[in-house]
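Data first, discussion second: the structure below is written as structure tokens.
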Amino acid sequence: MNKVMEMQRKDDSPLFGLWVYLMTDGMLFASLFATFAVLRNSTFGGPSGAELFSLSFALLETLILLTSSFTIGIAMWFAHQRDVRAVLFWVGLTFILGALFLSMELQEFSHLVQEGQSWRQSAFLSSFFTLVGTHGLHIIAGLVWCAFVVLQIMHKGLDGIRMKRLAMLAMFWHFLDVIWIFIFSIVYLLGGIT
Numbered sequence: 010m011n012k013v014m015e016m017q018r019k020d021d022s023p024l025f026g027l028w029v030y031l032m033t034d035g036m037l038f039a040s041l042f043a044t045f046a047v048l049r050n051s052t053f054g055g056p057s058g059a060e061l062f063s064l065s066f067a068l069l070e071t072l073i074l075l076t077s078s079f080t081i082g083i084a085m086w087f088a089h090q091r092d093v094r095a096v097l098f099w100v101g102l103t104f105i106l107g108a109l110f111l112s113m114e115l116q117e118f119s120h121l122v123q124e125g126q127s128w129r130q131s132a133f134l135s136s137f138f139t140l141v142g143t144h145g146l147h148i149i150a151g152l153v154w155c156a157f158v159v160l161q162i163m164h165k166g167l168d169g170i171r172m173k174r175l176a177m178l179a180m181f182w183h184f185l186d187v188i189w190i191f192i193f194s195i196v197y198l199l200g201g202i203t
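Residues 10 to 203 (my numbering) are what the sequence shown spells out, left to right.
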């Protein structure tokens, strides 16, 4: 009996580790949001968010990332149906949408820097680049994870281990979507109003 409980505990440890990681990541983003909230009016005579950000561009980014959350959910549904080809397709589509989102984020950063609005210009821009850039780094990690999961499923099939890894990827990806919704709401919507 103890051996069964020990095996179950060992089997659940990666999932528990992911939950701990997501909680600490949540605290990281909470501190970045708090920093942004405090510094959002510290433009030092430079442009504000309303002058810099394109709400329509940010909305398009949001729609792309939310669609990727939907596609990873569909991948999970097909995983429960044991349809390997469909899982690979939907995780691949999630990867493409995530890469598209990331390229748009990098395009926005490049546009701001070309206009002379780097992270060094003001405390506001520093907090903006830190918050959105940290989210972008997490998207990169998610894309690497997507590629890793696809390669594993292609080579080893869709067994219990790969199912668990796919489920953990989906949790991480949904977490990134939730963080982006907060970024969109606080940085772009509120920033565009004030």
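Virtual Cβ for every residue (Gly too), placed ideally from N, Cα, C.
Whole-angstrom distance between L121 and C155, CA atom to CA atom: Straight across, the Cα-Cα distance linking C155 with L121 is about 29 Å.
Whole-angstrom C-beta distance between A67 and F193, which should lie under 8 Å: Indeed, because the Cβ distance is near 6 Å, the residues count as touching under 8 Å.
Span separating the alpha-carbon of T76 from that of L160: Rounded to the nearest angstrom, the two C-alpha atoms are 22 Å apart.
W182, enclosing alpha helix (DSSP H) - first and last residue: If you look at W182, you'll find it in the alpha helix (DSSP H) that goes 169-192.
Option in E117, G55, T71, S40 with minimal Cα separation from L198: Taking only the C-alpha atoms, the option nearest L198 is T71.
Segment contact flag, the region 164-174 with the region 50-65, C-beta cutoff 8 Å, min 3 pairs: Taking 8 Å as the limit for Cβ pairs, the verdict is that the region 50-65 does not touch the region 164-174.
Start and end residues, alpha helix (DSSP H) containing T143: That run of the alpha helix (DSSP H) goes 132-165.
Expected contact under 8 Å - CB spacing of A189 and L41 to nearest Å: Rather than Ala, the amino acid found at residue 189 in this sequence is Trp. The Cβ separation is near 13 Å, so there is no contact.
Where E60 sits in the DSSP three-state scheme: Helix at E60.
Member of H183, K173, V196, V187 whose CA lies at the smallest distance from the CA of F25: Closest by alpha carbon: K173.
Extent of the continuous alpha helix (DSSP H) run through F98: Residues 93-123.
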